[in-house]
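Number of protein chains: 2
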Amino acid sequence: MVVVHENNALHHVVIIGGGFGGLYTAKTLAKANVNVTLIDKRNFHLFQPLLYQVATGTLSPADISSPLRAVFRKSKNTKVLLGEVNDIDPEAQEVILGDRTIHYDTLVVATGANHSYYGHDNWRPLASGLKTVEDAIEIRRRIFSAFEAAEKETDPELRRAWLTFVIVGAGPTGVELAGAISELAKTLKEDFRNIDTTETKILLLQGGDRVLPHMAPQLSKVAKESLQKLGVVTQTNTRVTNIENEIVTFKQGDQVEQITSKTILWAAGVKGSALGQVLANRTGVECDRSGRVIVEPDLTIKGYKNIFVIGDLGNFSHQDGKPLPSVAPVAKQEGEYVAKLIQKRLTGQTLPQFRYNDVGSLAMIGKNLAVVDLSFIKLQGFVAWIFWLVVHIYFLIEFDTKLVVVFQWAWNYITRNRRSRLITGREAFGEATTVTNDVPLTTIKVQEAYKVGV
Amino acid sequence: MVVVHENNALHHVVIIGGGFGGLYTAKTLAKANVNVTLIDKRNFHLFQPLLYQVATGTLSPADISSPLRAVFRKSKNTKVLLGEVNDIDPEAQEVILGDRTIHYDTLVVATGANHSYYGHDNWRPLASGLKTVEDAIEIRRRIFSAFEAAEKETDPELRRAWLTFVIVGAGPTGVELAGAISELAKTLKEDFRNIDTTETKILLLQGGDRVLPHMAPQLSKVAKESLQKLGVVTQTNTRVTNIENEIVTFKQGDQVEQITSKTILWAAGVKGSALGQVLANRTGVECDRSGRVIVEPDLTIKGYKNIFVIGDLGNFSHQDGKPLPSVAPVAKQEGEYVAKLIQKRLTGQTLPQFRYNDVGSLAMIGKNLAVVDLSFIKLQGFVAWIFWLVVHIYFLIEFDTKLVVVFQWAWNYITRNRRSRLITGREAFGEATTVTNDVPLTTIKVQEAYKVGV
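From first to last, the protein sequence lines are chains A and B.
Under full-length UniProt numbering, the first residue of the first sequence is numbered 1, with each subsequent residue one higher.
Under full-length UniProt numbering, the first residue of the second sequence is numbered 1, with each subsequent residue one higher.
Put into structure tokens, the structure is as follows:
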């Protein structure tokens, strides 16, 4: 086992995770007098807020990804390391990867969160979540395969099941997915000969009493009405009690209902990534029910001044008593704060506690339809949609000049085209689960039941 | 089993395969007084000549794919069917899919070809071919993972193996891959901290006596010199005799050599797709040694005036005695010819035999470097490169207005950026073959050893 020490006396900051939290920590440290190692399992940062556009065939994965090495090309104090951290030793100040151990002076853990299926992990293969590029490709495969299968189906009941989409969870991802599928169904109308894609049924189930619960109540109302106009049926105060044999069972009060659907998508629940539990075991720090690490006012963990937890993996409740939401702006501001605090400390100083500056939130519902909730103004409809577009383009450009995405949006908007609607990953579609093995791989075992995708 | 008859008296043309041959047959028939069914395993046409740009991280798969339904949206006589043909019954005039049987009046088989490993199918998993989007993603994963692994490797010999790329076959694909990897290595120079990516070694092995053997000899010479300038070592008259344990053994005359490489790519050999053999068994038609179907002067097969075989699956030798090359323009012209012949026949007429109008050929070697072989002029260098660009953009725009690709190229050219360099498909990289199962799938068996990609 190689133990890697930085071979000079500079303070070594190790950042685990290249999401918004880790990325902004490293960017803010880029000119500081420290060495930085950024570790991620993937070689790219993913702009997760637009992942639903990959899942619905508007953008390609590369459009919303930035290669980490390219982002930090000019930051000569920063090393990018592709690898997965399995363990952390807070006493020896080391992070442990499969093939090496890296010593840190300061550690920033920003590995984010996954979906929670609320104890029903058997639902996971039945109801796709949307966290990774692979998730998006899988959802894209399922959605477009469903229309293909409906086109071929002669039994009207099965055809209806193929044209029924159930989305669990009406936060931003659930709402944006529902809206995008509805727009997609309209776009595809002329492409099919046997089905009318506008007969597509989209059911959005929400546990709480309104959609987009992190926004102002009047915007939730607008969002629900906008969805209704798009043909999305929204049902609030509703809990999913079972998913089995392509039937979703759900309960609203005492009323139990069932719906048959071939495409069930999961946009609910949060579960801190595995390193949260590792930290808990190693340091005694507390995690909340969702597995997120309870952090101190300065984003460190109790008893370890040199370990920070930021972004979706952290539970920061020192502002108004309830945890900050799991959104990109929180992770970004936390990363910037931590980077500044590290630099202050090097000169013997410190910073006041972290404070989140709520910049507001926004959600795209459909073409020309969005809701924007800012502290000073609330927008809806076309104006909100333009605002949404500008904000996202601004953020995308900030760390990677992807003007192409702008062209692409504009182009797709004008042509109503879904150019990225490849069914890949598995050549088969719909219920067929045949896996062919014409893709060369290094191990036979993997080759047998593996099909790479796009 | 459903037997689908078109429910009116129109002549029914069934086309199997949505590559260049099938696509242009269907397009040319779009306004004819026939019913057309276009069957493909995939829901998109792939612009294969640019696939190497996906494999080397410049373009996304969707940039070079056109959804078949979108292409034929306005062709109301054309049905697109996503499915795989397993069998053909020439007496009953039916094609047989897994779930249905379709009756045809005229059948056009255009299912193309795969790579041949010359009887060494055990090399397939060791040396990736480049035919499908999944192949391109797999090669992209291997190439970018190799640089990542080299960055982490401390043993100089292993590091060298990671930075060594062997490409077997110096036709257009092999030459373009070699050039693109060399350009990539230059682009990545500043992104890594421990390795100098410009030390990358690229070996291009060719069985024949020159690269790009389908072009004029003086252009082969130019291409070889251009490759040399890019640092690619080309070795002609060389046969690969073994691939094992990441060692390629090859023979030039009596001289046997070996090279250790972690990334071996296969761009040699042609093998007609499986339907060629099906046709041979069902109709007695002859196939050549590569499994391509020997066709008559009018592209039908012997004894069956209503079955055409076009594109890479066909062996047409009625022009100058040797088979037409397996390139897109041949398939395109054959498709157009067949479509016209079908229409002529409906009025009791016919056409003279098929003649290929050789429009010339071209290959991109590197930035500002290409070779163009036209009947009336031969171009090289920057002029050829611009010509290459214009021709490809023209073809891409012809059936799908993808101006975006133009922007993307221009942008990547200016910024020297490789934006599509995602390592996906498997989260691990290099020699690691760990397959995680966080992607929800419908069957557990598949889920266990499966990881979709992008």
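Idealized CB from N, CA, C, for every residue including glycine.
Using a Cβ-Cβ distance under 9 Å, would residue i count as near chain B?
i, result
"SER60/A", "yes"
"PHE165/A", "no"
"LYS152/A", "yes"
"LYS74/A", "yes"
"GLU190/A", "yes"
"SER290/A", "no"
"PHE47/A", "no"
"ALA185/A", "no"
"SER116/A", "no"
"GLU148/A", "yes"
Go ahead and label residue i buried or exposed: buried means 16 or more other beta carbons lie within 10 angstroms of its beta carbon, across all protein chains shown.
i, result
"ASN43/A", "buried"
"GLN343/B", "buried"
"GLU153/B", "buried"
"SER375/A", "exposed"
"PHE382/A", "exposed"
"ALA55/B", "buried"
"GLN206/B", "buried"
"ILE39/B", "buried"
"ASN315/B", "buried"
"ARG159/B", "buried"
"LEU82/A", "buried"
"GLY348/A", "exposed"
"GLU157/A", "exposed"
"GLY453/B", "Residue placement at GLY453/B is poorly supported in this model, since its pLDDT is 30, which falls under 50; the coordinates still yield a value, given next. It counts as buried."
"VAL240/A", "buried"
If you run the structure through DSSP and keep just helix, strand and coil, what is residue i?
i, result
"ARG239/A", "strand"
"PHE316/A", "coil"
"LEU212/B", "coil"
"ALA110/B", "coil"
"PHE387/A", "helix"
"TYR304/A", "strand"
"LYS378/A", "strand"
"PRO61/B", "helix"
"ALA223/B", "helix"
"ILE423/A", "coil"
"LEU184/A", "helix"
"GLU91/A", "coil"
"ALA234/B", "Correcting the residue identity first, residue 234/B is Thr in this sequence and not Ala. It is a strand residue."
"residue 455/A", "No information on residue 455/A is available, as it lies outside the stretch 1 to 454 that chain A covers here."
Is the CB of residue i under 9 Å away from at least one CB in chain A?
i, result
"PHE316/B", "no"
"LEU82/B", "yes"
"ILE102/B", "no"
"LEU313/B", "no"
"ASN86/B", "no"
"ALA267/B", "no"
"ASP155/B", "no"
"PHE395/B", "no"
"SER261/B", "no"
"VAL133/B", "yes"
"residue 455/B", "Limits of chain B in this structure are 1 at one end and 454 at the other, which puts residue 455/B out of reach."
"ARG421/B", "yes"
Grab the span of the beta strand (DSSP E) containing residue i for me, first residue to last.
i, result
"ALA370/A", "369-373"
"ILE202/A", "201-205"
"THR78/A", "78-82"
"ARG100/A", "100-103"
Which residue comes first and which comes last in the alpha helix (DSSP H) that contains residue i?
i, result
"ARG69/B", "68-71"
Inset, instruction - Taking only runs that begin and end inside the segment 121-181 of chain A, name each unbroken beta strand (DSSP E) of 3 or more residues, in chain order. - result: DSSP runs (the beta strand (DSSP E)) wholly in the segment 121-181 of chain A: 164-168.
Inset, instruction - Taking only runs that begin and end inside the segment 10-51 of chain A, name each unbroken alpha helix (DSSP H) of 4 or more residues, in chain order. - result: As far as the segment 10-51 of chain A is concerned, its whole alpha helix (DSSP H) runs of at least 4 residues are 20-28.
Legend entry - Every unbroken beta strand (DSSP E) within the segment 242-300 of chain A, with a cutoff of 3 residues, ordered by chain: Entirely contained in the segment 242-300 of chain A, the beta strand (DSSP E) runs reaching 3 residues are, in chain order, 247-252, 255-260, 263-266.
Inset, instruction - Can you check the segment 315-367 of chain B for any beta strand (DSSP E) of at least 3 residues that lies completely inside it and give the ranges in chain order? - result: Here the runs fully enclosed are 361-366.
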